[in-house]
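*Asks:* Under our numbering, the sequence shown has 838 at position 200, and the numbering climbs by one with no breaks.
Think of the CB as a built atom: it goes at the ideal place given N, C-alpha and C, for glycine as much as any other residue.
The structure that follows is given in the form of structure tokens.
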Amino acid sequence: MSSLTFSIWKPFIKSEKRGERWLQPILKTFDKLNPCDLKHEKGLYHLEVDKNKHYVFLVIESGKLEPRDTTVTDYYTNQKRENPKSETELEFLKQFFVLFDLDNNLLYFSDVRHRNLLEKILKDTTGVEFSIKGLYEDKEEFFKILSSVDEIQFTSKDDIFSTLSQKRGALYDLFETDGLEDLTLNIKLSSMKINKIKTFLRRILKESENHQLSSILIRGNDDAGFEHVFNRDTFIKKISINAEKQQATGKFLGSEVKDILLKEIESLSNEKVTKKR
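As structure tokens, then:
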């Protein structure tokens, strides 16, 4: 099994009418979105589309004509022969996944590095301009929803743990040691009391605001099991699933990813409702 992590975003479409500029996409927004191949520089994007009144699911795969070796080698015999793939053929070896939750106006995205690409593909296929915004929360909202912390990483620029500093006291309260100087911490915290951790984090985040930390990352979960990550001033909500890769291609089956993701979203949503009762 392999892990896939989806960041959660808010999708908007640009209105062509007077009034509110950015609107929520609906199923009709995707009327022109169908399975297709789109050309890009020396390659193609292949789109698989599954849509109904509740969601729109995309598998986006990419392949390039180059690089292409002139020969291939047999794994067992080491014999070489001319590459049977022609210069105009390619393989779709890379993929990412997108789920539009139309009921809640959320977007689940497996590779945020391609956010601009996704917006372009959506514009080219639907004729509608999309804007994908991250789900941002302020620090107090983050602390309010945080029920457990798995990891803290940060590097201090100066010795913020000097002998008389409050941070050193907070460090001692949390880890029962004050023998730490200027360093990078990478600490697993799942077994520690959340209130102690929050006290420590509030003091550390003050140093981040005062530019005394060169980097900071906090990873934790809310009551529903959704992962939240703080990196500098950005909180990104995420959800992870496990799925099998096909042995022959090393790729995921889009239909399987979709089914597992929908079940995980439903499970976490039901758990959240149960805990609120």
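With DSSP collapsed to three states, give me the class of Glu757.
*Replies:* Numbered from its first residue, the sequence shown carries residue 757 at position 119. Three-state DSSP puts Glu757 in a helix.
*Asks:* Taking the straight line between their C-alpha atoms, what separation do you get for Leu731 and Pro705?
*Replies:* Position 93 of the sequence shown holds residue 731. Position 67 of the sequence shown holds residue 705. Distance between the alpha carbons of Leu731 and Pro705: 13 Å.
*Asks:* Could you work out which residue in Thr837, Gly681, Asn743 is closest to Glu729 when comparing CA atoms only?
*Replies:* Translated into the one-based positions of the sequence shown, residue 729 becomes position 91. Cα-wise, what sits closest to Glu729 is Gly681.
*Asks:* With DSSP run on the structure shown, which of helix, strand or coil describes Arg891?
*Replies:* Walking along the sequence shown from the start, residue 891 turns up at place 253. Inspection of the sequence shows that residue 891 is occupied by Leu rather than by Arg. Note: Leu891 maps to coil in three-state DSSP.
*Asks:* Rounded C-beta distance between Ile877 and Glu865? I'm assuming under 8 Å.
*Replies:* Looking up residue 877 in the sequence shown gives position 239. Looking up residue 865 in the sequence shown gives position 227. Their Cβ separation, rounded to whole angstroms, is 7 Å, which keeps Ile877 and Glu865 in contact under 8 Å.
*Asks:* Could you tell me which residues DSSP puts in a beta bridge with Arg719?
*Replies:* Here residue 719 corresponds to residue number 81 of the sequence shown, with the count starting at 1. Looking at the DSSP assignment, Arg719 forms a beta bridge with Val710.
*Asks:* I need the boundaries of the beta strand (DSSP E) containing Thr643, first residue and last residue.
*Replies:* Residue mapping note: residue 643 aligns to position 5 of the sequence shown, counting from 1. Its beta strand (DSSP E) spans residues 640-652.
*Asks:* So, is Ile664 buried or exposed, given that buried needs 16 or more other C-beta atoms within 10 angstroms?
*Replies:* Position 26 of the sequence shown, counted from the start, is the residue given in the question as residue 664. By the neighbour-count rule (16 or more Cβ atoms within 10 Å), Ile664 is not buried but exposed.
*Asks:* Please report the distance separating the alpha-carbon of Gly858 from that of Ser786.
*Replies:* Here the question's residue 858 lines up with position 220 in the sequence shown. Here the question's residue 786 lines up with position 148 in the sequence shown. Roughly 5 Å between the two C-alpha positions.
*Asks:* With 16 other CB atoms within 10 Å as the buried threshold, where does Lys875 fall?
*Replies:* As a first step, residue 875 must be located in the sequence shown, where it is residue number 237. Classification of Lys875: buried, given that the 10 Å Cβ count is 16 or more.
*Asks:* Identify the continuous beta strand (DSSP E) that holds Ile698 and give its terminal residues.
*Replies:* For the purposes of this step, residue 698 is taken as residue 60 along the sequence shown, with counting starting at 1. Where Ile698 is concerned, the enclosing beta strand (DSSP E) stretches over 693-702.
*Asks:* Please classify Pro649 as buried or exposed, where buried requires at least 16 neighbouring CB atoms within 10 angstroms.
*Replies:* Counting from one through the sequence shown, the residue named residue 649 turns up at place 11. The residue in question, Pro649, is buried, as its Cβ has 16 or more Cβ neighbours within 10 Å.
*Asks:* Under a three-way DSSP split, which group does Val787 fall into?
*Replies:* As a position in the sequence shown, residue 787 is number 149, starting the count at 1. Three-state DSSP puts Val787 in a strand.
*Asks:* Is Phe768 near the ligand COA, judged by its Cβ being under 7 Å from some heavy atom?
*Replies:* Although the ligand COA was asked about, the structure shown includes no ligands whatsoever.
*Asks:* Please classify Val694: is it buried, with 16 or more other beta-carbons within 10 angstroms of its beta-carbon, or exposed?
*Replies:* Residue numbering aside, residue 694 sits at position 56 when the sequence shown is read from its first letter. So Val694 ends up on the buried side.
*Asks:* Determine the direct distance from the alpha carbon of Glu767 to that of Lys691, and round the result to whole angstroms.
*Replies:* Numbered from 1 along the sequence shown, position 53 holds the residue referred to as residue 691. Numbered from 1 along the sequence shown, position 129 holds the residue referred to as residue 767. Lys691 and Glu767: Cα-Cα distance of roughly 21 Å.
*Asks:* Hey, would you say Leu696 sits closer than 8 Å to Phe735, going by beta carbons?
*Replies:* By 1-based counting over the sequence shown, the position of residue 696 is 58. By 1-based counting over the sequence shown, the position of residue 735 is 97. Taking 8 Å as the Cβ cut-off, Leu696 and Phe735 qualify as a contacting pair.
*Asks:* Would you identify the three-state DSSP class for Ile664, choosing helix, strand or coil?
*Replies:* Your numbering for residue 664 matches position 26 in the sequence shown. Coil.
*Asks:* Would you grab the beta carbon distance between Ile646 and Tyr746 for me? Rounded to a whole angstrom, and I think it's under 8 Å.
*Replies:* As a working note, residue 646 is residue 8 in the sequence shown. As a working note, residue 746 is residue 108 in the sequence shown. So it is a contact: roughly 6 Å between Cβ atoms.
*Asks:* What does the alpha-carbon distance come out to for the pair Lys670 and Ser724?
*Replies:* As a first step, residue 670 must be located in the sequence shown, where it is residue number 32. As a first step, residue 724 must be located in the sequence shown, where it is residue number 86. Roughly 32 Å between the two C-alpha positions.
*Asks:* Using the DSSP secondary-structure output, state which residues sit across from His752 in a beta bridge.
*Replies:* Locating residue 752 in the sequence shown gives position 114, where the first residue counts as 1. DSSP lists no partner for His752.
*Asks:* Quick one: what's got a C-beta closer than 8 Å to Leu900's C-beta in the same chain, skipping five residues either side?
*Replies:* Taking the first residue of the sequence shown as position 1, residue 900 is located at position 262. Cβ neighbours of Leu900 beyond the five flanking positions: Tyr693, Leu737.
*Asks:* Find the nearest neighbour of Glu679 within the set Asn672, Ser700, Phe668, judged by alpha-carbon distance.
*Replies:* As a working note, residue 679 is residue 41 in the sequence shown. The shortest Cα separation from Glu679 among Asn672, Ser700, Phe668 belongs to Ser700.
*Asks:* Let me know the secondary structure DSSP gives Ser724 once reduced to three states.
*Replies:* In the sequence shown, counting from the first residue as 1, residue 724 sits at position 86. Residue state, collapsed to three classes: coil.
*Asks:* Would you say Phe890 and Thr764 are within 8 Å of each other, going by their C-beta atoms?
*Replies:* Sequence index remark: in the sequence shown, residue 890 carries index 252 (1-based). Sequence index remark: in the sequence shown, residue 764 carries index 126 (1-based). Contact flag unset, no.
*Asks:* Report yes if the C-beta distance between Lys652 and Trp660 is below 8 Å; otherwise report no.
*Replies:* The count along the sequence shown starts at 1 and reaches residue 652 at position 14. The count along the sequence shown starts at 1 and reaches residue 660 at position 22. Cβ atoms of Lys652 and Trp660: closer than 8 Å.
*Asks:* Provide the residue span of the beta strand (DSSP E) that contains Val687, from first to last.
*Replies:* Translated into positions along the sequence shown, residue 687 becomes position 49. Where Val687 is concerned, the enclosing beta strand (DSSP E) stretches over 681-689.
*Asks:* Using only the alpha-carbon positions, how far apart do Leu756 and Tyr683 sit?
*Replies:* Taking the first residue of the sequence shown as 1, we reach residue 756 at position 118. Taking the first residue of the sequence shown as 1, we reach residue 683 at position 45. Spanning the two alpha carbons is a distance of roughly 11 Å.
*Asks:* Could you tell me the boundaries of the beta strand (DSSP E) in which Asp861 lies?
*Replies:* Taking the first residue of the sequence shown as position 1, residue 861 is located at position 223. Counting along the chain, Asp861 falls outside any beta strand (DSSP E), and DSSP gives it neither H nor E.
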